[in-house]
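Engineer: My structure is below; once you've seen it, I'll send some questions.
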Amino acid sequence: DTGVSQDPRHKITKRGQNVTFRCDPISEHNRLYWYRQTLGQGPEFLTYFQNEAQLEKSRLLSDRFSAERPKGSFSTLEIQRTEQGDSAMYLCASSIRDRGPNYGYTFGSGTRLTVV
Amino acid sequence: AQKVTQAQTEISVVEKEDVTLDCVYETRDTTYYLFWYKQPPSGELVFLIRRNSFDEQNEISGRYSWNFQKSTSSFNFTITASQVVDSAVYFCALKAGGATNKLIFGTGTLLAVQP
Chain A
1 DTGVSQDPRH KITKRGQNVT FRCDPISEHN RLYWYRQTLG QGPEFLTYFQ
51 NEAQLEKSRL LSDRFSAERP KGSFSTLEIQ RTEQGDSAMY LCASSIRDRG
101 PNYGYTFGSG TRLTVV
Chain B
117 AQKVTQAQTE ISVVEKEDVT LDCVYETRDT TYYLFWYKQP PSGELVFLIR
167 RNSFDEQNEI SGRYSWNFQK STSSFNFTIT ASQVVDSAVY FCALKAGGAT
217 NKLIFGTGTL LAVQP
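Protein chains in written order, with my numbering: chain A, 1 to 116; chain B, 117 to 231.
Put into structure tokens, the structure is as follows:
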């Protein structure tokens, strides 16, 4: 169990460019989540997958954002036509169906996006 | 509406002091889950505890303890004999019942433990 991996750790892009982030969850976890965290704030939910199905999306996920999880393993989050307001830490988490009272969501270290 | 409030933005203590981080939540659901996460400077959120709404028993884990009170909608976190390594941002989060799987986080409390 190597934890949740995210790539890249940092991304600097020019406004208007497209970016794609990758998340590799813990292998046995069938649930995967994307969150966004801006400075001084708590993480905000973006979207949730159970296996390959995208079951929940936040209104924060505008048309410029798309997430996929082909084959129910790794996931990608793409932002098209980036804007400066997209600058944030993008966090991925994974979990497995309820394993008892002390089981939580495991987060990755995040991808920090800076749009210049 | 679901909401988590962490009114303490920053707390500074000296090593070995006890410190309590407050968390107040709002939900109309009868079934829900509450979480605490630690975010050290490295950025990774570290899971500390999950409590479901039907279990009001307080929890102790080493120097950490949690006080869940449904009557006041609070889920407070106490660190006993704080250490420098406890310095981090601590987040309280709520997961409502039903079909949703999203966590709603508070704004976090920055804890600075001075040597």
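Note that beta-carbon positions come from the ideal geometry of N, C-alpha and C, so glycine has one too.
1. Is the segment 15-31 of chain A touching the segment 85-96 of chain A, taking contact as three or more C-beta pairs under 8 Å?
2. For a cutoff of 7 Å on Cβ pairs, would you count residue 45 of chain A as touching chain B?
3. Any C-beta of chain A sitting closer than 7 Å to the C-beta of residue 161 of chain B?
4. Beta-carbon of residue 110 of chain A versus every beta-carbon of chain B: anything under 7 Å?
5. Give the straight-line distance between the Cα atoms of residue 76 of chain A and residue 5 of chain A, rounded to the nearest whole angstrom.
6. Name the chain A residues whose beta carbon is nearer than 7 Å to that of residue 221 of chain B?
7. Is the beta carbon of residue 208 of chain B sitting closer than 7 Å to the one on residue 124 of chain B?
8. Would you say residue 48 of chain A lies against chain B (beta-carbon separation less than 7 Å)?
9. Using DSSP with H/G/I as helix, E/B as strand and the rest coil, what is residue 134 of chain B?
10. Identify the contact partners of residue 183 of chain B in chain A, using a Cβ-Cβ distance below 8 Å as the criterion.
Structural biologist: According to the data block:
1. Yes, the segment 15-31 of chain A is in contact with the segment 85-96 of chain A.
2. So, interface residue.
3. Yes, its Cβ sits closer than 7 Å to a Cβ of chain A.
4. Yes, residue 110 of chain A lies at the interface with chain B (some Cβ there is under 7 Å from its Cβ).
5. When rounded, the distance between both Cα atoms is 12 Å.
6. Simply 42 and 43.
7. Taking 7 Å as the Cβ cut-off, residue 208 of chain B and residue 124 of chain B do not qualify as a contacting pair.
8. At least one chain B Cβ lies under 7 Å of residue 48 of chain A.
9. Three-state DSSP puts residue 134 of chain B in coil, outside helix and strand.
10. Under the 8 Å cutoff, chain A gives no residues; its nearest Cβ is about 16 Å from residue 183 of chain B.
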